[in-house]
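In what follows, a single structure is set out as structure tokens and then discussed.
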Ligand SMILES: Cc1cc2nc3c(=O)[nH]c(=O)nc-3n(C[C@H](O)[C@H](O)[C@H](O)COP(=O)(O)OP(=O)(O)OC[C@H]3O[C@@H](n4cnc5c(N)ncnc54)[C@H](O)[C@@H]3O)c2cc1C
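In my numbering, the protein residues as written are 5 to 375.
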């Protein structure tokens, strides 16, 4: 249920494994919305040749700013800028080639047991229908109706707003900028060039109206003018969401945003959503077993730890963080990507132990996320 990134990735993997798959998508037709996304190099290992077409730019450097200070991190393996509508088209093609069928304009409404597996209630082109399946995968995003109907608790979400702007003259097309402004948001602002002409500027906040106001102020200060707006609510990962439940003789799984499979440190959900999708495909094809899900759980837990530290940071902590990024610590950040967070964390701490102390202090003091 849900024909976006995580759903299509699952559909292709399960269909390749020889099971019949049907993708059910509520949108009336295949018109994925455009969105500029940044992912680590890990994405290349996950995606087939047609998915590579979604890569529109490469990022070789990060610049971090806070309170008049700055630090630069050169990336050994470039981050990738991908265009979501191209990615979704490529994934849909791959799922179709693997044998999956598609039902658009079909909204999932409810679920229950039947004699063999699961009975699904859907609304298809305005008419109520029943579908039958052995297994259902909820890939219907942060407000997942599959999750609610199957008894999972609601996941918490935060607002993300992004604007497409003309790339400022002083910003190279291979450099991402990040601003930490804790008075505005415990997360951060970013500027991601999608080409030599255009960039996505965005922010994650805690409350929708405050976030929008702070973002408008930020754009004005930087003299940036929004050409287009993109936005949605993003899940906040706090603890592992068990991905499987049984209903009668059938099984229901969750993947992607529906299972909060988002790196909560930087709020990226593509690579981790694909990992969740691969894990669920493995579980479906191998009687519930998946090493990928165990590894993903560890990865998401590390990002939760980092987020808890950053959420308590005040301005002086960010200033100290940027000052403490010595050449060796910056080397670790450039060598190891944020999809290998534990290795990254230990390497940075080994090369700049005072960062570890700053992090520990962050964990123990100040106001943090509501636990
Ligand atoms: C503006 C923005 C910028 C982002 N930037 C980044 C980034 O730079 N890097 C990164 O890694 N991540 C980023 N993310 C997060 C990332 O986009 C998401 O984590 C990812 O797209 C989630 O994919 P998904 O398939 O799980 O869910 P979704 O993309 O939300 O897809 C859910 C699908 O289910 C369908 N659906 C919903 N309800 C039903 C129903 N009842 N019946 C049938 N179908 C249904 C929807 O139509 C949709 O197609 C960003 C998100 C936003 C909004």
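Note that the Cβ used here is the ideal one computed from N, Cα and C, for glycine as well.
Integer Cβ distance of residue i from residue j, believed to fall under 8 angstroms
{"i": "residue 341", "j": "residue 44", "result": "4 angstroms"}
{"i": "residue 73", "j": "residue 321", "result": "So it is not a contact: roughly 12 angstroms between Cβ atoms."}
{"i": "residue 276", "j": "residue 303", "result": "7 angstroms"}
{"i": "residue 3", "j": "residue 114", "result": "With the chain covering only 5 through 375, there is no way to say anything about residue 3."}
{"i": "residue 184", "j": "residue 70", "result": "4 angstroms"}
{"i": "residue 167", "j": "residue 224", "result": "That belief does not hold up - the Cβ atoms of residue 167 and residue 224 are roughly 12 angstroms apart, past 8 angstroms."}
Ligand 1 heavy atom lying under 7 angstroms from the CB of residue i
{"i": "residue 112", "result": "yes"}
{"i": "residue 83", "result": "no"}
{"i": "residue 45", "result": "no"}
{"i": "residue 162", "result": "no"}
{"i": "residue 309", "result": "no"}
{"i": "residue 30", "result": "yes"}
{"i": "residue 266", "result": "yes"}
{"i": "residue 39", "result": "yes"}
{"i": "residue 178", "result": "no"}
{"i": "residue 234", "result": "yes"}
{"i": "residue 166", "result": "yes"}
{"i": "residue 261", "result": "yes"}
{"i": "residue 93", "result": "no"}
{"i": "residue 275", "result": "yes"}
{"i": "residue 321", "result": "no"}
{"i": "residue 143", "result": "yes"}
{"i": "residue 42", "result": "yes"}
Candidates the options: closest to residue i by CA position
{"i": "residue 188", "options": "62, 317, 78, 20", "result": "317"}
{"i": "residue 91", "options": "66, 359, 55", "result": "55"}
{"i": "residue 181", "options": "159, 161, 204", "result": "204"}
{"i": "residue 79", "options": "260, 336, 251", "result": "336"}
{"i": "residue 51", "options": "65, 84, 144, 72", "result": "84"}
{"i": "residue 154", "options": "192, 248, 207", "result": "248"}
{"i": "residue 251", "options": "278, 161, 11, 150", "result": "150"}
{"i": "residue 104", "options": "88, 25, 349, 145", "result": "25"}
{"i": "residue 136", "options": "256, 282, 177, 347", "result": "256"}
{"i": "residue 4", "options": "11, 239, 285, 168", "result": "The shown model of the chain, from 5 to 375, leaves out residue 4, and the question about it has no answer."}
{"i": "residue 40", "options": "334, 214, 165", "result": "165"}
{"i": "residue 6", "options": "196, 354, 260, 17", "result": "260"}
{"i": "residue 315", "options": "334, 244, 192, 121", "result": "192"}
{"i": "residue 174", "options": "227, 158, 157, 145", "result": "227"}
{"i": "residue 267", "options": "42, 13, 8", "result": "42"}
{"i": "residue 305", "options": "339, 349, 243", "result": "243"}
{"i": "residue 338", "options": "292, 15, 63", "result": "63"}
{"i": "residue 8", "options": "291, 145, 231", "result": "145"}
{"i": "residue 291", "options": "356, 307, 36, 254", "result": "254"}
Beta-carbon contacts of residue i that lie in its chain and below 7 angstroms, excluding the five residues immediately before and after
{"i": "residue 22", "result": "none"}
{"i": "residue 324", "result": "362"}
{"i": "residue 375", "result": "For residue 375, the predicted structure reports a pLDDT of 47, less than 50, and the residue's modelled location is therefore unreliable. A value from the coordinates is still provided. None."}
{"i": "residue 186", "result": "317, 318, 319, 322"}
{"i": "residue 58", "result": "86, 87, 90, 91, 94"}
{"i": "residue 162", "result": "208, 209, 210, 237, 238, 240"}
{"i": "residue 296", "result": "279, 282, 283, 286"}
{"i": "residue 19", "result": "25, 99, 102, 103, 104"}
Sequence-distant residues of the same chain with beta carbon closer than 6 angstroms to residue i, five excluded per side
{"i": "residue 133", "result": "126"}
{"i": "residue 109", "result": "32, 129"}
{"i": "residue 30", "result": "111"}
{"i": "residue 107", "result": "28"}
{"i": "residue 343", "result": "44, 46, 275"}
{"i": "residue 148", "result": "142, 262"}
{"i": "residue 258", "result": "142, 151, 247"}
{"i": "residue 379", "result": "Residue 379 cannot be examined here, being either before or after the span of the chain that is shown, 5 to 375."}
Close Cβ partners of residue i (< 8 angstroms) along its chain, the five nearest in sequence each way excluded
{"i": "residue 199", "result": "60, 61, 171, 177"}
Min CB distance residue i to chain B below 8 angstroms
{"i": "residue 99", "result": "Absent from the structure: chain B. Only one protein chain is present."}
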